[in-house]
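According to the numbering used here, the sequence shown holds residues 1 to 411 in order. The structure appears right after this line, and notes come after that.
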Amino acid sequence: MTDESPGQGHDRRMGEQTGRRPGGPDAGDGGDRRERKPVSGGEAGCHPEDSDVRHVAPEGGAVAPGAGGRGGTPGTAGGEWLTWREATERALYGDPGGFYLRPEGPAGHFRTSVHASPLFAAAVARLLVSTAAGLDPAAGPPAFVDLGAGRGELVSGVLAALPEGFAVRAYAVELAPRPAGLDPRIVWTATPPEGVSGLLFANEWLDNVPVDIAETGDDGIPRLVLVRADGGERLGPPVDGPDAAWLNRWWPPDGPGTRAEIGRPRDEAWAAAVGTLRAGLAVAVDYGHLAGARPPYGTLTGFRGGREVPPVPDGTCDLTSHVALDACALPGARLTTQREALAELGVTAARPPLALASSNPGAYLRALSAAGEAGELLARGGLGDFRWLWQPVPPERAGEHGEPVEYGGRY
1 MTDESPGQGH DRRMGEQTGR RPGGPDAGDG GDRRERKPVS GGEAGCHPED SDVRHVAPEG
61 GAVAPGAGGR GGTPGTAGGE WLTWREATER ALYGDPGGFY LRPEGPAGHF RTSVHASPLF
121 AAAVARLLVS TAAGLDPAAG PPAFVDLGAG RGELVSGVLA ALPEGFAVRA YAVELAPRPA
181 GLDPRIVWTA TPPEGVSGLL FANEWLDNVP VDIAETGDDG IPRLVLVRAD GGERLGPPVD
241 GPDAAWLNRW WPPDGPGTRA EIGRPRDEAW AAAVGTLRAG LAVAVDYGHL AGARPPYGTL
301 TGFRGGREVP PVPDGTCDLT SHVALDACAL PGARLTTQRE ALAELGVTAA RPPLALASSN
361 PGAYLRALSA AGEAGELLAR GGLGDFRWLW QPVPPERAGE HGEPVEYGGR Y
């Protein structure tokens with residue numbers, strides 16, 4: 001299987017890409033993670049003094065050990081110690097104040113392929129039509145389930161792009177309240193509908209499923225990284241149980257100071273989402289990595305207002321990390337890049353013929369604009385390097401999308 005790196009920058013940024021990104025092509029040398037030093041060095045979990053805690057500044061750069069933090073629990077400078085999974089859950093989805101529950105929604109802080117061009121939603125609409133063609137008509141109209149819907153941008157775009165008269169049951173799955181003015185055909189729900197047939201589509205959903213972080217201590221033992229609301233970290237207890245089994249199977253420790261994001265909750269979340277389909281196709285789109293090319297220092301980062309910022313779990317920024325998509329894969333799954341997937345679905349960056357500029361200048365300009373938008377969606381070193389995980393339901397419905405993923409079992 002070809003392992004293509006996610007490229008320079010990714011779609012969390014608004015405006016021009018800077019070339020910095022978590023776990024990039026230099027991940028073997030640390031990539032961006034070199035700025036975030038490991039916290040090992042003493043006896044793990046035994047740092048009673050704040051002088052032993054490392055901090056990150058809210059807008060980047062190291063903060064001197066012992067710097068105070070926000071909030072506060074008696075006996076600490078920056079609040080209680082939590083695992084990264086607990087802290088992320090609270091920072092992103094805690095009510096009130098969770099980052100994803102804010103009125104501006106994710107689009108107020110970063111762009112995804114959905115925001116980059118309506119060509120993306122149109123391609124997903126074509127995928128829905130082709131998926132529906134293989135379903136039992138007696139089951140009624142196919143479902144389109146937008147998992148992690150934000151403010152409903154994708155599902156709205158899909159409805160707008162479907163052929164006239166194409167019947168569909170549309171669902172937007174999101175924890176935030178329903179936006180005003182959303183198409184009344186869209187069912188807004190906090191959980192995916194059960195037992196439907198059709199297309200379930202998760203665009204940049206898995207990367208926001210909270211996970212714990214493990215760091216290998218000087219003793220060679222992977223330990224949970226604990227964090228406070230100000231970003232200060234220390235090592236906690238050894239990773240054990242199913243999480244340890246997951247690490248051994250999918251992201252083995254690689255020496256003191258190396259890190260891994262424990263993707264087991266994402267595997268389980270994806271399996272649960274796929275399990276809601278009676279028949280059809282589930283697709284997860286995300287930036288990720290595969291076995292044999294895991295970034296040695298992890299990929300956790302933050303985004304706020306279109307800028308990459310240090311990952312501080314205080315509710316002021318998005319918290320995201322790349323997805324071990326091969327670990328998420330279920331029997332029958334296949335992987336492609338976004339570039340391959342969208343090309344298969346009819347997205348092309350070919351420029352219109354120059355003669356059209358003379359015969360129909362308006363059409364030429366529209367076609368030229370569409371080619372530019374397609375180029376962004378397909379770009380190497382950018383959105384085109386995102387991966388699509390295709391999961392047929394049932395598995396024997398597998399199509400010819402991309403390369404098969406070996407099902408690794410449940411560790």
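Glycine residues also receive a C-beta, built at the ideal position from the N, C-alpha and C atoms.
query, result
"Three-state secondary structure (DSSP) at Asn-360?", "coil"
"Let me confirm a value: Pro-252 is counted as buried when at least 16 other C-beta atoms fall within 10 Å, else exposed. Which label applies?", "exposed"
"With distances taken between CB atoms, is the gap from Thr-258 to Thr-216 smaller than 8 Å?", "yes"
"Would you call the stretch 385-392 and the stretch 330-344 in contact, with 3 or more CB pairs under 8 Å?", "yes"
"Run through the stretch 87-148 for me and flag every whole beta strand (DSSP E) of 3 or more residues, listed as ranges in chain order.", "143-147"
"How big is the Cα-Cα spacing for Glu-268 and Arg-85?", "14 Å"
"By the DSSP assignment, the beta strand (DSSP E) with Val-312 in it spans what residues?", "Where Val-312 is concerned, there is no enclosing beta strand (DSSP E), given that its DSSP letter is neither H nor E."
"Evaluate contact between the stretch 200-210 and the stretch 270-290, counting only Cβ atoms and requiring at least three cross-stretch pairs below 8 Å.", "yes"
"Give the DSSP-derived three-state secondary structure of Arg-34 in the structure shown.", "In this prediction, Arg-34 has a pLDDT of 27, which is less than 50 and means its spatial position is unreliable; nothing more can be read from the coordinates."
"Just to confirm, are Gly-375 and Asp-230 a CB contact at a threshold of 8 Å?", "no"
"How many whole angstroms separate the CB atoms of Ala-172 and Val-158, which I take to be in contact at a CB cut-off of 8 Å?", "10 Å between Cβ atoms; not a contact."
"Determine contact between the stretch 108-126 and the stretch 238-246, defined as no fewer than three beta-carbon pairs at a distance below 8 Å.", "no"
"Return the first residue and the last residue of the alpha helix (DSSP H) that Val-274 is part of.", "264-274"
"Can you give me the C-alpha to C-alpha distance between Arg-223 and Arg-351, rounded to a whole angstrom?", "52 Å"
"What's the gap between the Cα of Pro-311 and the Cα of Ser-358?", "52 Å"
"My guess is that Leu-277 and Leu-365 are in contact by the Cβ rule of under 8 Å, so how many angstroms apart are they, rounded?", "Contact doesn't hold; Cβ gap of about 41 Å is too wide."
"Consult DSSP for Arg-21 and reduce its assignment to one of helix, strand or coil.", "Because the pLDDT of Arg-21 is 31, which lies under 50, any placement of that residue in the model is unreliable, and the number read from its coordinates should be weighed accordingly. Looking at Arg-21 - three-state DSSP - the assignment turns out to be coil, as it is neither helix nor strand."
"Contact between the stretch 171-186 and the stretch 120-137: three or more CB pairs below 8 Å?", "no"
"Going by Cα to Cα distance, which pick from Glu-153, Asp-146, Asp-218 and Asp-219 is closest to Thr-191?", "Asp-146"
"So, Ile-221 versus Glu-261, is the Cβ gap smaller than 8 Å?", "no"
"Return helix, strand or coil for Ala-371, following the three-state DSSP convention.", "helix"
"First and last residue of the beta strand (DSSP E) that includes Trp-246?", "Segment 241-250 is the alpha helix (DSSP H) holding Trp-246; no beta strand (DSSP E) there."
"Based on DSSP bridge pairs, tell me the residues matched to Tyr-171.", "Val-145 and Val-187"
"Suppose the cutoff is 7 Å on Cβ atoms and the five residues either side in sequence are ignored; what does the same chain contact list for Gly-346 look like?", "Ala-123 and Arg-126"
"Ordered along the chain, which non-local residues of its own chain (more than five positions away) have a Cβ less than 8 Å from that of Ala-273?", "Leu-147, Pro-192, Leu-200, Ala-202 and Ala-282"
"Take Ala-291 as the anchor and find which of Pro-141, Leu-377, Asp-254 and Ala-367 has the nearest alpha-carbon.", "Asp-254"
"On the three-state DSSP scale, how would you describe Pro-395?", "helix"
"My assumption, with CB atoms under 8 Å, is that Ala-279 sits in contact with Leu-135. Please give the rounded CB distance.", "6 Å"
"Between which two residues does the alpha helix (DSSP H) containing Ser-156 stretch?", "153-161"
"With 16 as the cutoff for other CB atoms within 10 Å, does Pro-48 come out buried or exposed?", "Bear in mind that a pLDDT of 34 at Pro-48, under 50, signals an unreliable position, so the model cannot answer this."
"Take Glu-373 and list the residues in its own chain whose beta-carbon comes closer than 6 Å to its own, dropping the five residues that flank it on each side.", "Ser-117 and Leu-119"
"Does DSSP classify Arg-278 as helix, strand or coil?", "strand"
"Determine, using beta carbons only, whether Ala-143 and Gly-198 come nearer to each other than 8 Å.", "yes"
"Whose C-beta lies closer than 6 Å to the C-beta of Glu-153 among residues of the same chain, with five residues either side of it excluded?", "Val-114"
"Would you mind working out which of Gly-315, Val-239 and Glu-194 sits nearest Gly-94, comparing C-alpha positions?", "Gly-315"
"Can you check DSSP and say which residues form a bridge with Gly-288?", "Val-323"
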